[in-house]
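Visitor: Chains U and Z supply the protein sequences, listed in that same order.
Read in my numbering, the first sequence has 537 at position 224, and its numbers run on one by one without any break.
Read in my numbering, the second sequence has 301 at position 285, and its numbers run on one by one without any break.
A virtual CB, placed ideally from N, CA and C, is assigned to each residue, including glycine.
Here the structure is a predicted model, which means the values were calculated and not measured.
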Amino acid sequence: MKDRLLEALTRFEKSRVLVGGDLMLDVGYVGTADRISPEAPVLILNVLQEVFEPGGAANAAMNARMLGGDVDAMGLIGDDEAGDQLMSCFASAGIDTSLIVRVPDRPTTQKTRAFAQGRHLIRFDYEETSPVGETSVRDLLRKFRARTALYDAVLLSDYGKGLGQPLLYRGIMECCKQKGIPVLIDPKAGDWELYQGADLIKPNDKEAQWLCDASFRGDPLEKIGPVLTEKFGASFLISCGAEGMYLWERDDPVQAFHFPALATHVEDVTGAGDTVSATMTLCLGNQLNLREAVLLASVAAAVVVSKPGTAKMEADELTRYLEEEKVPLIAGMPLDRKDMKRSEG
Amino acid sequence: MDEDLYRVLKEFPLQRVLVAGDLMLDRNVHGEIRGVCPEAPVPALHVRAEVCSPGGAANVAANVASMGGKAAVVGVVGKDRAAGSLRRELDALQIDTKGLVCDPSRPTTQKTKLLARNQQLIRLDSEVAHPVDEDTTQELWEQFKNLLFDHGLVVLSDYRKGVLSRELVGRILSFCNERHTPVVADVKPGNLDLYKDAFLVSLNAAEAAEVLGQGAGDVFDGEYLVEAVGRRLGTRVLVTAGKEGLFFRDPQEGFFSVKAQRIDLVEPTGAGDSVTAAVALALAAGAKCPQAIRIGNYAGAYAVSKPGLAQPTLMDLQNVLTTQIGEQLRENIRVKQVVINEHVQDIEKIVRMIINTYRGKRKVLVFGNGGSAADAMHFAGELVGRFQIERRGLPAINLSADSSILTAVGNDYGFEAIFERQVEALARQGDVLIGLSTSGNSENVVRAMRKGKELGVRTISLVGKDGGKLRKVCDVSITVPSNNTPRIQETHITIIHIICDLLDQALFQMEGGWPDEG
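#1: Can you find a C-beta in chain U that's less than 8 Å from the C-beta of Z/E459?
#2: So what does DSSP say about Z/E27, is it helix, strand or coil?
#3: Roughly how many whole angstroms lie between the Cα atoms of Z/K177 and U/G382?
#4: Count the C-beta pairs between the stretch 355-363 of chain U and the stretch 384-403 of chain U that are closer than 8 Å, then say yes if the count reaches three, no if not.
#5: So for Z/D391, helix, strand or coil by DSSP?
#6: Under DSSP, the beta strand (DSSP E) around U/P479 begins and ends at which residues?
#7: Once you ignore the five residues that flank Z/A536 on each side, which residues in its own chain have a CB closer than 6 Å to its CB?
#8: How would you list, in chain order, the residues of chain U whose beta-carbon sits under 7 Å from the beta-carbon of Z/C53?
#9: Relative to the alpha-carbon of Z/N313, which residue among Z/V351, Z/S273, Z/E347 has its alpha-carbon at the smallest distance?
#10: Ignoring anything shorter than 3 residues, give me the beta strand (DSSP E) runs that lie fully in the stretch 328-381 of chain U, in order along the chain.
#11: Examine chain Z for any beta-carbon lying closer than 8 Å to the beta-carbon of U/S350, and answer yes or no.
#12: Just to confirm the assignment, what range does the alpha helix (DSSP H) spanning Z/Y374 have?
#13: When you check each C-beta in the stretch 127-143 of chain Z against every C-beta of chain U, which residues fall closer than 7 Å?
#14: For U/M593, does the three-state DSSP call read helix, strand or coil?
#15: Starting from the beta carbon of Z/P323, find every residue of chain U whose beta carbon is closer than 8 Å, and list them in chain order.
#16: Please work out which residues of its chain come closer than 7 Å, Cβ to Cβ, to U/L541, disregarding the five sequence neighbours upstream and downstream, and give them in chain order.
#17: Expressed to the nearest angstrom, what Euclidean distance is found between the alpha-carbon atoms of Z/V35 and Z/V63?
#18: Give the residues of chain Z in contact with U/I551, contact being defined as C-beta atoms less than 7 Å apart.
#19: List the whole-angstrom C-beta distance separating Z/L210 from Z/R182, where the pair is believed to meet the contact cut-off of C-beta under 8 Å.
#20: Can you give me the start and stop residues for the alpha helix (DSSP H) that U/R563 sits inside?
#21: Look at the alpha carbon of U/W745 and the alpha carbon of U/L597, and state the distance between them as a whole number of angstroms.
#22: Which of the three DSSP states is assigned to Z/P205 in this structure?
#23: Helix, strand or coil for Z/A276? Go by DSSP, reduced to three states.
#24: Can you tell me the Cα-Cα spacing of Z/L4 and U/A346, whole angstroms?
#25: Which runs of the alpha helix (DSSP H) fall wholly inside the stretch 276-362 of chain Z and span at least 4 residues, in chain order?
#26: Tell me, please, whether the CB atom of Z/R104 is closer than 8 Å to any CB atom in chain U?
#27: Run down chain Z in chain order and give the residues with a C-beta less than 7 Å from the C-beta of U/V355.
#28: Quickly, what does DSSP pair Z/N220 with across the bridge? List them, please.
#29: What is the DSSP secondary structure of U/K536, counted as helix, strand or coil?
#30: Would you say Z/Q126 and Z/L180 are within 8 Å of each other, going by their C-beta atoms?
#31: Taking Cβ to Cβ, would you say Z/I476 is nearer than 8 Å to Z/L449?
#32: Report the neighbours of Z/A60 on chain U: residues whose CB is nearer than 9 Å to its CB, in chain order.
#33: Taking the straight line between their C-alpha atoms, what separation do you get for U/G473 and Z/P120?
#34: With a CB to CB cut of under 8 Å and the five nearest residues on each side skipped, what residues in its chain are close to U/A429?
#35: Hey, Z/S498 and Z/G484: beta-carbon distance below 8 Å or not?
#36: Which class does Z/G430 belong to by DSSP, given the choice of helix, strand or coil?
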């Protein structure tokens, strides 16, 4: 098992994946707050540093790139400063931006966080979440079709910012099906038709509830997992924070596998979901089976949450972790239905 | 005086003001709170709009431009998005930006306010405050020299962000003083002494208190603050004290202050910049300091009455002047409303006394000092001449007008005797004395009333404030409920007109009003 995983890691470098969806820029204003404004009873943050990081689908793309894969990012960004920032992040990471379309009528989705003495004070978001225009969607789809053959796997990361449209998702999935390319989806609670035809869907427990028909909402995961797997005809990986992850495979929707969280030290969980998605994408693009892939993704998640901020990690760190074998490497524990606890969402 | 202010305002569009100092960008990010962040227990604001405006020294320039003047700026910006925004905002106001010096090692000073429903949530400041380097200082100086020749006045706006170094300020002041170009400096406590040679130094009350080492608990005394800072600097000093007003000291001409306009305070942000700009424009337009400061007061009043940074236009300044006029009229009305509520019966009583006097074929003697002397003269004029209807003349004598008597009695018996003596000479039993005094304490009026009592005449007084002694010595007295002399006098003359009208009605428009002759 360990050898298979280590060997797969070495192949990440030779693979090429597409990471598309709602690209975002995370901006951090980092400083100290030791004054109150003379004009209003509010804190003044004295900004010492402005930090720019790709977020959303862009963070998943960065994760995949850090793990060694060749990455094409796909999505829309605005014709603005945040867009420039994001493009320069991609350029310096060596991510291909041929599938990024800049549009003048929407802002680049931007999440701005202010931190004082390391503490998060407030977040302010620039975004336009209405569905993007059909012209832009067709433009993206046309570009994707011309390059489909390049990819070993495709990840679509939906953050509900307007790019998640049936025309695009269905178009991409049809293309991939023809060529036998696995498609993973990091979903947002939403229109289930959007995700039909994917190979793996990876919601968190809350999102999983929303993907169900209303009559199942509130039911325990043990019940929801099989329902979702059958409904979407896709494998389901549901992440439950500290509890770990649960997997239902498309071919055997009744059997659930539990992957306990491996983290011994949690610093910041921000972006851990993107890390899991990116790792899964590279694994599935390198012929690992689903349970091996989830095991490696658990390792990646454990490494990434031990770092502050929206962290990423390199394949080397995973290699080291595996070699040190800090935890027993078990590719999922088959669960009896009655063992499974109700997720608290 | 207000005529003069209007004249100064008219000159504003011809003035050119060069503003040097700490340029800033104020960025207001408006949005709505969309719940709590998923990753931390903090609010998440969904941004709807961003509004950038010039701040700091740039706001002074924006105020100059808004009030119709031409402004140019000299200062430092970084190589960042804020610099672009600032340049755009200044261009839009047609402010000359040739003097912007770019220093890529510094951020453009920027204050970002996050607001939800106009409620400020937090402010994010991007700035460094260390002095700019030598090359940049040299470039600032070159720009300043080039721009100075076609500007009539300089404003140095020092927010202690490192642009106005000791060296640069020294060079600017000696250069300007050689050329007799006045410099108005808006300063912070730490750098105060750099500006000894400026024409005028302006700071706010909290800063002045800091200069003098006062703590938060010290009682505010604007005159003391401006005296102490003024003495220390040896030049003209203006202390802006929010709702207390503006306090000014000229080393030669002494102390001057104006009360703040009574205007609803919305947000004080930037009011100091508006005051500085207005004072600068007024001085450039040739106003004397007190005039300039009164205009500055109007500009500050406007700025605090609006949310965010608000720059008054020329027309806004004129409107604030008008608001002041309206305020006085309203005060006049308020005083008279109290008279309606409390003194109608007293007025009727006075009228009955005068009617009885006339029916008894007796006369009215009326007197007062200064404005009240004029009112007495006015009153007697209405009675002896006529008021609104055609009628016979009514016997009334004003005791305040005969210069021969007044000087003779005043000279020989003292000013306190001038009415007393006339009462002694003219009053007969059954006459009525009417004394006017806004304080109720004019000694000559009081003594005349006492003499009248001795002679058995009726005594009436119209007074103000607390009514003073007159209220106590007269048969009937109306105390106008105000401490403001002009409002008291205006109410006196209104009461006098009412008395005249009621006399006309009672004596000449009713059957048997005037007793048959004979």
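Guide: Result, derived from the coordinates:
#1: Closer than 8 Å: no.
#2: Helix, per DSSP.
#3: If you draw a straight line from the Cα of Z/K177 to the Cα of U/G382, it is about 47 Å long.
#4: No, they do not touch.
#5: Three-state DSSP puts Z/D391 in a helix.
#6: Per DSSP, U/P479 belongs to no beta strand (DSSP E); it is in the alpha helix (DSSP H), 479-492.
#7: For residue 536 of chain Z there is no data in the structure shown, the boundaries of chain Z being 17 and 534.
#8: Near Z/C53 (Cβ distances below 7 Å), the residues of chain U are R436.
#9: Residue Z/S273 is the option with its Cα nearest to Z/N313.
#10: 329-334, 336-349, 356-369, all fully within the stretch 328-381 of chain U.
#11: Against chain Z, the CB of U/S350 has a partner CB under 8 Å away; the residue lies at that interface.
#12: From DSSP, the alpha helix (DSSP H) with Z/Y374 extends over 360-375.
#13: Correct list: L130, Q136, L137, I138, R139, L140, D141, S142.
#14: DSSP, reduced to helix, strand and coil, places U/M593 within a helical segment of the structure shown.
#15: Those do not exist, as Z/P323 stays about 11 Å from chain U at its closest Cβ, beyond 8 Å.
#16: If we look at U/L541 and ignore the five residues flanking it on each side, its Cβ neighbours are A521, L524, C525, F549.
#17: In a straight line, the C-alpha of Z/V35 is about 33 Å away from that of Z/V63.
#18: Ordered by position in chain Z, no residue passes the 7 Å Cβ test against U/I551, which lies about 17 Å from the chain.
#19: Yes, Z/L210 and Z/R182 are in contact; Cβ-Cβ is about 6 Å, under 8 Å.
#20: Unbroken run through U/R563: none, as it is neither H nor E.
#21: Past the edges of chain U, shown from 314 to 658, lies residue 745 of chain U, and the structure says nothing about it.
#22: Residue state, collapsed to three classes: helix.
#23: Coil at Z/A276, not helix or strand.
#24: The requested residue 4 of chain Z does not occur in the structure, where chain Z is confined to residues 17 to 534.
#25: Entirely contained in the stretch 276-362 of chain Z, the alpha helix (DSSP H) runs reaching 4 residues are, in chain order, 287-300, 305-320, 330-358.
#26: Chain U, which has no Cβ nearer than 8 Å to the Cβ of Z/R104, makes this no.
#27: Simply Q136, L137, I138, R139.
#28: Z/T256.
#29: U/K536 falls in the helix class under three-state DSSP.
#30: The Cβ-Cβ distance between Z/Q126 and Z/L180 does not fall below 8 Å.
#31: Against a cut-off of 8 Å, the Cβ pair of Z/L449 and Z/I476 comes out as a contact.
#32: By Cβ distance, chain U contributes K424, I435, R436, F437, D438.
#33: Rounded to the nearest angstrom, the two C-alpha atoms are 38 Å apart.
#34: Excluding five sequence positions before and after U/A429, the CB atoms of its chain that fall closer than 8 Å to its own CB belong to G344, T345, A346, L356, L358, given in chain order.
#35: For Z/S498 and Z/G484, no; Cβs fall outside 8 Å.
#36: Residue state, collapsed to three classes: coil.
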